[in-house]
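J.: Quick one: structure below, then a few questions.
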Amino acid sequence: MRNFREKHLLSLIIWIGLVLIAAFTLPNISQLVRDKGSVRLPATVQSEVAQKIQKKSEGGKNVRTLIAVFNNKHGKITDEQSLQIGDSVRAIRSDTSLHIVSVTSAGDNEAAKKQLVSNDGTTEMVMITVPSKYKVRGQTNEVLNKIKTPGMRTYVTGSDVLNEDFSATTEKGLQKTEIIAAIFIFIVLIIVFRSLLIPIISLLTVAVSYLISLSIVMNLAQRYGFPISNFTQVFLVVVLFGIGTDYNILLYDRFKEQIKQGQTAVAAAKTAQRHAGRTILYSGSSVLIGFTALALAKFSFYRSGVGVAVGVAVLLMVLLTLNMFFMATLGEKLFWPSKNLAAHDRSVVWHFLSKFTISHTFVMVGILIIAAIPLLFMGSQKLNFNNADELPNSVQSKAGYNLIQEHYPAGTSGPSTLYIENKKPLNTQQYLAEIDQLTGYLNSESGVKSVTSVTRPGGTKIDQLYLKSQLKTLTDGLDQANYGIKKVQKGLDSANKKLASSDTSASIAQVEKLADGASKLQSGAQQLSNSLSAYTSGVNSLASGSQSLSQGASSLSSGVGQLSSGSQTLNSGIQQLQSKTARLKALRSRVSRLASGSSRLSSGISRLHSQVTPFSSGLSQLHSGASQLQQNSSSLVSGAQNIASGSSEVNTGVQTLSSKMKALQTQMQQLQQGLSSANAGLSKVSSGTNTVNDYLKEMQKSYLGNTFYMPKASVKSPSFTPSLDAFMSKDRKITHITFILNSDPSTTKSANRIKTITRDVNAKLKGSSLNKAKVAIGGQSSQTADLQKTANGDFLRTVVIMLVGIGIALMFVTRSLVQALTIIGTLIVTYFGALQITRWLSGYLLFQNMLTWNTPFFSFIMLVALGVDYSIFLMMRYRGDASAITDVRMRITNAATIIGTVVISAAIILGGTFAALIPSNVLTLIQVAMTVIVGLVILVITLPIIMSAMVKWTYPYVNDKMYKKSIEGQDKMRRSKDPEAKKGND
């Protein structure tokens, strides 16, 4: 039983049981880290509020966006390749296993084509929205298989895909780190102790503490929401293996020293536990306090460092109990095959630095100050918030991200979205106008490249929805109306003139004449009827008379013939008489006259004879006509009676016309006056129309022309419904406005622009109808702004808490305020110097001019929490030599000389452990490793200088109070053990 207790077999059994429990209860770390290890901002920050509104807008669904990238590295995408891309899009849409929410491609419409096809035509994106409840890795692989296109490079990227690849890369980096760290520590421990068992047992004890603490942390995270991150497991490895090995060196070194002095294994183990264990507890407590202080951080990502505190607590228990079993059981065999149990060599470097500082304090301190100035006050303080830079370019999601950055505007890879949640539906004229006004306001903001919203789905104004276009339509109509008015005026003028020029009185006089004529016509018609009756009897008389006349004409023709013959005989006799009387002058003239008269008579009779024949013929025709008239006389009588009746009606109509014409004359005068009035009125209308038209044209050219106005019919039209569905929730109470910045969305520049836009938007909406709506901006730039604010604010708060905690622990350990402040000051200066050197090295070696946003925090935590160990190692040795060396200057030099080897070895092991992070290909881990390594180098060089100078300036005398207390304590112990000495003194 005694052997069981002295060999610490119970400790072995307990730890074996805990290891088994930890191994069997260890959850799926990879999945747990993916589910709960991402950076989570406080629920009150803007980007988180926006995410909640987005989820509500999607009907409570959590979605993620995958970006499929097609690129033709040989030139523009060909028509055939475009068809292949279209086939891929259709294949994705028809794949039920993806549970597609929406797919937006360049083939949807011109607006989408403008956004999704690069300006150089070599690259095309397809936006795929899927539920986030399914594993992103499976979704990514499925889409990758669908979009494979011969002759083109195809990738799937997006924030969730990048985070997934980051987790996978970190996991692979952790595996490399574990292997490299184990090999490095194994080699270093072999070199230090020249033993094969020491490295194995040291790694075993640290591995036990790592496995148990990892199981505790992950189970707490799974069941109780304990904070973890992608880096929790990594930092557990490097911290536990780093400081665990350092503590083991202290413990094994003291154990070896006691074995050399002849103690048994059990006694040596107890001595090592008591003395080295005290130093380990002090150092470990400082580290534990440093990491435990992270629990007070508000940022869950920073709180995830508390997992390391759990690991340190377990480590301290394992090292100070399980190691006891190996030391008490193996004894000197622990250092096999080495038989040299001599202590470590003294540190020549620390001896020189301490001694030279004691003798040339101002010179050494001056050199440190001169070296620190450029490190503290030079260089950029900007940080890189782009998580994509954490990944190597060989990762497919990073390659796709790089293509987007190369071929599209800088902000395309991470659009920002302004969400508006209102209590009332937003699909009204008033709210749509407010939304459009806000859209234009965002578009005018500095740094904004494009904006899309429900009123501008294509990113540009729809002219028909603005007063400028609407007023143009109105003014064009007014111009046409004015032209029509002028034509009407012209017609009215013409009609008026014609009415004025028309002689209405003459027309009325003519109508009156017509009326008189109609009366006469009626009278004449009556007379005609009466005359026709007489005519009928006359026709009968004419018929009989014409017959007698025709007979008389025949007798006349015969008589005229005889008369013509007689006249010719007379004429012939007169000619003879004339020839006989030619010589008788008295008769000659008379006979000539007689001859002339006879000729005329003959000529007249000839003409009479020639007329008698036609007259006779006419009489014959007259007789024939008279016969016909006699036959038609009855029809004439009937027609005459009709004429009489018609003339009576005509007379009545004409009399009516006459009276109406007189009334018409009055109406025409009134019409003429009305036309004049109408013309004057149209002149006023034309003048008013011109005035209104000029006013509207002036309004059209003014700022009011840019005012949005959407008629109710258009709001409810089927053509506007797709835009409402795309930019509003189903209940129309939530809408979003998407805008793209012209800078990388993950940069501080974009984050600052989001801050400015947020202030401007809130000020803009304060006096609008949306002043009570909930407004928040989401997207990568908003997350970066919130992350920057949260990380920076919580960083300072956490640093203060951590330094206060470590300072209190240091005051307890060193029992000196000055020493505690000096150590903390040294660590702070070391941190800033190491951070600046890392920034330079990162630019030259990694081609990254900025540190990642979490590098300063983790570098500070690691460097301060772990670097304080070396100060405690030194000052604990300084205190331990108080009874042996009274001169504080000699004592600090001696302590530096003895502990220097241990500190340098520990620094090499810790630095080598962190160096194992460099092959991880994760930028933050690489930069943190570089900062810690550089910081350890600075500490190894500056610690003996600063502490030696502090001791010299703080204790200018040779004997200090610590020495006197130590002597007095030794005297009391001696007296209590030696009664005779006590009596002698009395």
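The opening residue of the sequence shown carries number 501 in this note's numbering; numbering runs sequentially from there. Even glycine gets a Cβ: it sits at the ideal position worked out from N, Cα and C.
1. Using the beta-carbon count (16 or more within 10 Å), is K756 buried or exposed?
2. Taking the alpha helix (DSSP H) that K855 falls in, what are its first and last residues?
3. Among M1447, V1440, G959, S1023, which residue has its Cα nearest to the Cα of K614?
4. Is N1489 helix, strand or coil by DSSP?
5. Less than 8 Å between C-beta atoms, sequence neighbours within five positions excluded: which residues of the same chain meet that for T669?
6. Taking 8 Å as the cut-off, does the segment 965-983 touch the segment 1283-1299 (at least 3 CB pairs, one atom from each stretch)?
7. Should Q1280 be labelled buried (16 or more other beta-carbon atoms within 10 Å of its own) or exposed?
8. Rounded to a whole number of angstroms, what is the C-alpha to C-alpha distance between T952 and D620?
9. Enumerate in chain order the residues of its own chain whose CB-to-CB distance from G638 is below 6 Å, with the five nearest sequence positions on each side excluded.
10. M1462 by DSSP, collapsed to three states: which one?
11. Closest to A550 by CA distance: which of D993, H1236, I1361 is it?
12. Mind checking which residues open and close the beta strand (DSSP E) that includes P631?
13. Near I1385, which residues of its chain fall below 7 Å by C-beta distance, leaving aside the five closest residues on each side in sequence?
14. DSSP three-state call for Y908: helix, strand or coil?
15. Hey, how far is the Cα of M1462 from the Cα of N884?
16. Using DSSP bridges, identify the partner residues of L566.
17. Spatial neighbours of D1460 within its chain, please: C-beta separation below 6 Å, excluding the five flanking residues on both sides.
18. Three-state secondary structure (DSSP) at I516?
19. Provide the residue span of the beta strand (DSSP E) that contains V656, from first to last.
20. Please confirm whether T1442 and H851 have their CB atoms less than 7 Å apart.
21. Between the Cα of A1273 and those of S1282, L1346, N1262, spot the shortest distance and give me the residue it belongs to.
22. Please tell me whether E934 and I553 are closer than 7 Å, where the distance is taken between their beta carbons.
23. When DSSP labels each residue in this structure, what does N943 get in the three-state scheme?
24. Name the one or two DSSP bridge partners that M1228 has.
25. Flag this pair as yes or no: are the beta carbons of L1327 and A1320 separated by less than 7 Å?
26. Have a look at Y1331 and I577 and give me their C-alpha separation to the nearest angstrom.
27. Quick one: what does DSSP say E558 is sitting in, helix, strand or coil?
28. To the nearest angstrom, how far is it from the Cα of S618 to the Cα of S582?
29. Just grab the DSSP bridge partners of A1276 for me.
30. Relative to the C-alpha of N641, which residue among N719, Q964, A568, G762 is closest?
31. Within 10 Å of its beta-carbon, does S785 have 16 or more other beta-carbons around it, so buried, or fewer, so exposed?
32. From which residue to which residue does the beta strand (DSSP E) around T1424 run?
33. For R1100, does the count of other Cβ atoms within 10 angstroms reach 16, so buried, or fall short, so exposed?
34. Restricting to Cα atoms, I'd like to know which of P915, M827, I728 is closest to T764.
35. Just to confirm the assignment, what range does the alpha helix (DSSP H) spanning K949 have?
36. Counting C-beta neighbours from all protein chains within 10 Å, is the total for V863 16 or more, i.e. buried, or is it exposed?
T.: Put simply:
1. buried
2. 848-859
3. G959
4. Lying before the first or after the last residue shown, residue 1489 is absent from the chain, which here runs from 501 to 1486.
5. E890, L891, P892, V895, S1420, N1421, V1422
6. no
7. buried
8. 22 Å
9. none
10. Because the pLDDT of M1462 is 47, which lies under 50, any placement of that residue in the model is unreliable, and the question is left without a value.
11. H1236
12. 623-631
13. R1391, N1394
14. coil
15. In this predicted model, M1462 has a pLDDT of only 47, less than 50, meaning its place in the structure is not dependable; the value taken from the coordinates is given anyway. Rounded to the nearest angstrom, the two C-alpha atoms are 49 Å apart.
16. I628
17. Note that D1460 scores 46 on pLDDT, short of 50, meaning its location in the model is unreliable; the coordinates nonetheless yield the value given after this. V1388, listed in sequence order.
18. helix
19. 653-657
20. no
21. N1262
22. no
23. helix
24. T1235
25. no
26. 51 Å
27. coil
28. 13 Å
29. Y919
30. A568
31. buried
32. Element bounds for T1424: not the beta strand (DSSP E) but the alpha helix (DSSP H), 1423-1454.
33. exposed
34. M827
35. First-last for K949: 948-952, but that is the beta strand (DSSP E), not the alpha helix (DSSP H).
36. exposed
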